[in-house]
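Asks: This is the structure I want to talk about, given as C-alpha cells.
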Amino acid sequence: MNCPRCNNTQSCKDGIVRGRQHYQCKSCRFRYTVSHKSDVKPVSTKRKALQLYLEGLGFRAIGRILNISYGTVYQWVKACGDQVSLPESQDQVDIVEMDEIHTYVGSKKSTAGYG
Numbered sequence: 105m106n107c108p109r110c111n112n113t114q115s116c117k118d119g120i121v122r123g124r125q126h127y128q129c130k131s132c133r134f135r136y137t138v139s140h141k142s143d144v145k146p147v148s149t150k151r152k153a154l155q156l157y158l159e160g161l162g163f164r165a166i167g168r169i170l171n172i173s174y175g176t177v178y179q180w181v182k183a184c185g186d187q188v189s190l191p192e193s194q195d196q197v198d199i200v201e202m203d204e205i206h207t208y209v210g211s212k213k214s215t216a217g218y219g
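In this text, residue positions in the sequence shown follow our numbering: the first is 105, and each later residue adds one.
Following this line, the structure appears as C-alpha cells:
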C-alpha cells in the first residue's frame, strides 16, 4: 500500500469514516483510503433490467429480482427512453376504430357503488 501522492510505503491508520479505513502518509501527511467503494453496477445488469422492463415487469419486481433499488431501475429506463427516438408517421388517418368498451360503459345503469 503506497501513498498516492509521494509513493511512500510508510503509513499509519487515521480513523474510519463511513465504514472505510483512512490512512495517513508518514512523510507527506497526506490522508487517503486504499479501497475505493463503488456503487456502479455493470452494464450487463442495466441491460438485464431494461430487458425485463420490455418483457412487462414492473420497476419494483425488477428491483427485487436484481437486488437493486426500484428507483435506480426507473432512472435507467428513463435514460434509455430519452436516447431512443420514436418513429413519426406523416400519413393522414382516414378511419379510426373504437373499441366496444365505449358502448359497454355507456349502457351500464349504475355509475359507482358496491353490491
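Beta carbons: idealized from backbone N, C-alpha and C, even for Gly.
The structure presented is a predicted model; accordingly, all values stated were derived computationally and were not measured.
With respect to the alpha helix (DSSP H) encompassing HIS184, which residues constitute its N-terminal and C-terminal limits?
Replies: Checking the sequence shown, residue 184 turns out to be Cys, not His. Taken as a continuous stretch (DSSP letters only), the alpha helix (DSSP H) holding CYS184 covers 174–187.
Asks: Taking DSSP as the reference, what is the three-state secondary structure of ILE120?
Replies: Strand at ILE120.
Asks: Cβ of PRO108 less than 8 Å from any chain D Cβ?
Replies: Reference to chain D is not applicable here, since this structure consists of a single protein chain.
Asks: Give the C-beta separation of TYR157 and VAL138 to the nearest angstrom, bearing in mind that I take them to be a contact with Cβ-Cβ under 8 Å.
Replies: With 8 Å as the limit, TYR157 and VAL138 do not qualify as a contact, their Cβ atoms being about 37 Å apart.
Asks: According to DSSP, is GLN194 part of a helix, a strand, or is it coil?
Replies: GLN194: coil per DSSP, three-state reduction.
Asks: Following a CB-centred definition, is LEU190 positioned closer than 7 Å to any heavy atom of the ligand FMN?
Replies: Inclusion of the ligand FMN in the displayed structure is not the case, the ligand content being empty and no account of it being possible.
Asks: What's the gap between the Cα of ALA165 and the Cα of TYR174?
Replies: Rounded to whole angstroms, ALA165 to TYR174 spans 8 Å at the Cα level.
Asks: Let me check understanding here. Comparing Cα to Cα, which of ILE199, GLN114, LEU154 and MET105 lies closest to ALA183?
Replies: Among ILE199, GLN114, LEU154 and MET105, the Cα nearest to that of ALA183 is on LEU154.
Asks: Could you check if VAL144 is buried or exposed, using at least 16 other CB atoms within 10 Å of its CB as the buried criterion?
Replies: It counts as exposed.
Asks: How long is the line joining the alpha carbons of ILE169 and GLY160, rounded to whole angstroms?
Replies: Distance between the alpha carbons of ILE169 and GLY160: 14 Å.
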